[in-house]
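The numbers in UniProt numbering rise by one with no breaks, and the one at position 268 of the sequence shown is 268.
Yeah, the Cβ is synthetic: ideal placement off N, Cα and C, and Gly gets one too.
On a predicted model such as this, the values are computed, not experimentally measured, just so you know.
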Amino acid sequence: MQLAASLSKLLRDATTLLAVTMSNQSISNLHNKTIRIASPRFFSILPDDDTQNTMNLLSPSILSLHNDGGSMERKLSISELLGAFKLINEQDQNALLELISEASGLTEAIQQIHKKLEMENNNMRHGKGIDGQPLYFTKQNVSELYGKIESDKIDTFEKLYKTLSKPQIGEMNATGYTVLSKRQLRLIYGQRSPYYHPVALKRLSKLLDQNDGIQKSLESEMKKLAKSEKFGLQKEELHRRQKRFGISLSPFLLSPFILASGALSQPVLLSPVILSPIVLSPAILGPFILSPWIFNPVILSPRILAPFILSPFIFSPLVLSPVALHPFILSPGIFNPLILSPLSLSPFILSPQVATPLILSPMILNPLILNPMALSPLVFSPFILSPLVYSPQYLFALVFSPYLLSPIIESKLINSTVIMSPSILS
């Protein structure tokens with residue numbers, strides 16, 4: 001991290017010296033200003049309102065789609081140029097600007113951004129997730145999310161509740177559990193049940209035929225648990241369940257994943273991964289939830305539909321590992337460089353990053369939302385449809401990274417440098 005800070009300071013000092021030498025702008029409070037060098041803005045949709053904190057060197061705003069901003073920005077806007085040459089009247093100018101916006105897809109892109117922001121604000125107010133689903137399970141959303149099998153499980157328990165007798169309900173209220181009858185066991189473990197398990201049905205039915213068989217078996221298992229002994233599950237049954245439900249409560253330490261695509265293509269819950277590099281192990285549908293990463297480089301291992309949720313990651317670079325449909329949600333990170341690792345549809349949401357540079361890693365549809373970052377430059381990493389939304393950047397640098405349809409919305413660039421990074425429709 002100290003090396004990244006030193007390199008950032010060196011680049012900042014060099015560009016500052018060049019900007020001061022070639023411009024006649026005020027150098028007061030220069031350490032907080034954003035310096036843009038040879039980074040013109042084409043067809044910009046938002047004016048550069050922060051002119052007091054921006055130093056432009058060979059970085060004009062050309063053919064902008066608005067009439068706001070500084071003096072030069074207004075003069076070089078499309079409407080001003082057309083008006084100056086008296087080619088068309090004001091009404092036709094507005095019609096032409098609307099045509100340009102629609103032909104470039106700008107209008108649709110802005111509508112999608114506003115719609116997404118409105119939906120997220122609404123979800124936060126009404127307790128809903130990113131996809132608009134309630135943050136609690138209902139029979140309807142379980143069926144939509146997980147299919148008929150999970151819906152059938154809910155139906156099975158609804159039928160079970162209707163068969164509970166008054167004594168069983170009393171035991172449930174008093175002790176928290178009750179013993180099922182044979183009929184109820186068949187309802188849960190019978191052939192028509194999604195929990196069909198003939199071995200369990202036979203074993204539990206035998207225990208019911210014995211006096212206090214269930215109670216004695218329960219006490220025996222509790223004693224085994226107190227002594228840390230193994231339960232009576234067979235190994236193949238345990239392996240089958242683990243494969244079905246993913247990995248949970250299983251930390252990984254010094255356990256490299258090499259050609260281990262299968263192990264990483266399943267949900268991982270409450271399982272920290274430490275000093276376990278991932279090499280040649282593509283992952284599909286392998287989300288990490290509440291599972292921090294520490295010192296885990298990812299090399300030649302693409303990841304698809306494998307989001308990080310509440311999983312901080314530290315000193316875990318991605319090298320030659322493309323990422324798609326892989327959102328980072330509430331997952332802060334420190335020193336996680338991305339090198340030759342394109343990102344697509346993998347937004348950073350409430351996941352602050354420090355010293356996480358992107359080098360030769362283009363981005364498509366990869367917005368930053370409520371996601372501050374520091375010491376995280378973009379170098380030779382062009383990006384498209386990747387706006388910054390309420391995501392301030394500190395000690396930031398944009399170097400040889402042109403961008404398209406990626407406006408900066410309520411996101412301050414503090415002590416930042418932009419070099420040879422023109423923008424279009426941003």
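Could you give the residue range of the beta strand (DSSP E) that holds Met55? Thr54 to Leu57
Opposing strand residues paired with Leu280 [DSSP bridges]: None, per the DSSP bridge assignment.
What is the C-beta distance between Ile278 and Leu259, in whole angstroms, given that I count them as a contact (C-beta under 8 Å)? For a cut-off of 8 Å, the C-beta gap from Ile278 to Leu259 is around 10 Å, too long to register as a contact.
Distance, Cα to Cα, Arg74 vs Ile299? Between the alpha carbons of Arg74 and Ile299 lies a distance of about 48 Å.
Starting from the C-beta of Lys33, find all residues in its chain whose C-beta is less than 6 Å away, skip the five residues before and the five after it, and write them out in chain order. Asn53 and Met55
Closest by C-alpha distance to Ala397, when choosing among Glu150, Ile359 and Leu318: Ile359
In the DSSP assignment, what are the bridge partners of Gln393? Met373 and Leu413
Opening and closing residue of the beta strand (DSSP E) in which Ile37 lies: Thr34 to Ile37
Using the Cα positions of Ile62 and Pro282, report the straight-line distance between them to the nearest angstrom. 43 Å
Work out the CA separation of Ile314 and Phe295 for me, nearest whole Å. One C-alpha to the other measures close to 6 Å.
For Val199, count the other beta carbons within 10 Å of its own beta carbon; 16 or more makes it buried, fewer makes it exposed. Which is it? exposed
Go to Asp68, then tell me how far its alpha helix (DSSP H) extends in each direction, as first and last residue. Run containing Asp68: none; DSSP gives neither H nor E here.
How would you write the range of the alpha helix (DSSP H) that Val179 sits in, first residue to last? First-last for Val179: undefined, no H or E at that position.
Beta-carbon proximity of Ser291 to Val273, cut-off 8 Å: yes
Exposed or buried, Thr163, counting other C-beta atoms within 10 Å across all chains shown (16 or more means buried)? exposed
If you scan the stretch 254-340 from start to end, which runs of the alpha helix (DSSP H) of 4 or more residues do you find wholly inside it? 261-264
Drop a sphere of 10 angstroms on the beta-carbon of Gly69, count the other beta-carbons inside from all chains shown, and report buried for 16 or more, exposed for fewer. buried
I need the boundaries of the alpha helix (DSSP H) containing Thr356, first residue and last residue. Note, Thr356: premise wrong, no alpha helix (DSSP H); not H, not E.
Starting from the C-beta of Glu219, find all residues in its chain whose C-beta is less than 6 Å away, skip the five residues before and the five after it, and write them out in chain order. none
Sub-8 Å separation of Pro347 and Pro372 beta-carbons: no
According to DSSP, simplified to helix, strand and coil, what is Arg41? DSSP places Arg41 in strand when its eight states are reduced to three.
Given 7 Å as the limit, tell me if Asn415 has its C-beta closer than that to any heavy atom belonging to the ligand ZN. Inclusion of the ligand ZN in the displayed structure is not the case, the ligand content being empty and no account of it being possible.
Could you check where the alpha helix (DSSP H) with Pro198 kicks off and where it finishes? Pro198 to Asp209
Apply the 10 Å Cβ neighbour rule to Asp48 and answer buried if 16 or more other Cβ atoms are within range, or exposed otherwise. So Asp48 ends up on the buried side.
CB-CB under 7 Å to Ser261, same chain, minus the five flanking residues each way: which ones, in chain order? Take Ser261, set aside five residues on each side of it, and the residues of its chain with a beta-carbon closer than 7 Å to its own are Ser281, Pro282 and Ala283, in chain order.
Assigned secondary structure, Leu233 (DSSP; H/G/I helix, E/B strand, else coil): Residue confidence is low: Leu233 scores 43 on pLDDT, short of 50, so the model does not pin down where it sits. No coordinate-derived value is stated.
DSSP on Phe157, reduced to helix/strand/coil? helix
For Ser344, which residues in the same chain have their Cβ closer than 8 Å to its Cβ, ignoring the five residues on either side in sequence? Pro322, Val323, Ala324, Leu325, Met363, Ile364, Leu365 and Asn366
Bridge-paired residues (DSSP) for Ile188: In the DSSP output, where bridge partners are listed per residue, Ile188 has none listed.
Report yes if the C-beta distance between Pro251 and Ser271 is below 8 Å; otherwise report no. Note that the C-beta distance between Pro251 and Ser271 is below 8 Å.
Expressed to the nearest angstrom, what Euclidean distance is found between the alpha-carbon atoms of Leu370 and Ile188? Between Leu370 and Ile188, the C-alpha separation is close to 46 Å.
For Met420, three-class secondary structure by DSSP: coil
Buried or exposed for Arg36, please, with buried defined as at least 16 other CB atoms from any protein chain shown within 10 angstroms of its CB. buried
On the DSSP bridge assignment, give the partners of Ile364 in chain order. DSSP lists Ser344 and Ile384 as partners of Ile364.
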